[in-house]
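What follows is one structure encoded as structure tokens, with my remarks underneath.
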Amino acid sequence: MKKLILSGALMLGSFGLFAQTSANLPQNSQDYIKKNFSSATIETTKEESSWEFWDKDEKYEVHLSNGIKLDFNKNGEITEIDSKNNEAIPEAALPKEVVTYVQSNYSGNKIISWEKNDDEQEVELADGTELEFDAQGNFRKVD
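Mature numbering (1 follows the signal peptide of the UniProt record, and there is no 0) puts the sequence shown at residues -19 to -1, 1 to 124.
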């Protein structure tokens, strides 16, 4: 009986996590998606709040119909892009400095993951190479 009650509680909690629509996203997040992923539709959105003392931010996680997952911070700014099945992330969705560096130094390779925090950006290429940039997009190192 305990398992049944616990399962029911987990299911109810899960529905609340994914019940949000794109209308719940900050306007600048919605604009970013329309501009950079216009051919895809939003499948799910999830608002997450962190309860850890070192990470008190809220964030939004968005899954698109083309297999792209986007994370936005509480201000609606993009912080992470992940693609499914090694599909390239559209260049327009990425900082131009990062795209220019990859095109110049890893010609023919594609960016499949990008993440930004306060002081750095990280990129993963389709061949598994991981690159690190500073917040302004200046190359730092191969990870």
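Don't be surprised by glycine CBs; every beta carbon is placed ideally from N, CA and C. Remember, it's a predicted structure, so these values are computed and weren't measured experimentally.
Chain-order list of residues whose beta-carbon lies under 7 Å from that of residue i (same chain, five-residue window excluded)
i   : result
I92 : A69, I70, L75, V83, V104, L106
H44 : E24, T25, K50
Residues bridged to residue i [DSSP beta-bridge criterion]
i    : result
Q102 : K97, F114
T26  : V43
D63  : K50, S94
F120 : F114
The ligand MG heavy atom lying under 8 Å from the CB of residue i
i   : result
I92 : For the structure depicted, the ligand MG is absent and the ligand set is empty, with no information on it obtainable.
Cα-Cα separation, residue i to residue j
i    : j    : result
N9   : F18  : 14 Å
E72  : N56  : 23 Å
S94  : S30  : 23 Å
L112 : K27  : 28 Å
T81  : E101 : 17 Å
Proximity winner among the options, relative to residue i (alpha-carbon distances)
i    : options              : result
K50  : V79, N5, G89, I14    : I14
N90  : D100, E96, N67, K97  : N67
R121 : S88, G109, E78       : E78
A21  : F114, Q117, E58, S64 : S64
Contact set for residue i: own chain, Cβ-Cβ below 8 Å, skip 5 residues either direction
i           : result
residue 137 : Nothing about residue 137 can be reported from this structure: the residues present for the chain run from -19 to 124 only.
Neighbour flag for residue i against chain D, beta carbons, 9 Å
i    : result
D108 : The structure shown contains no chain D; it holds only a single protein chain.
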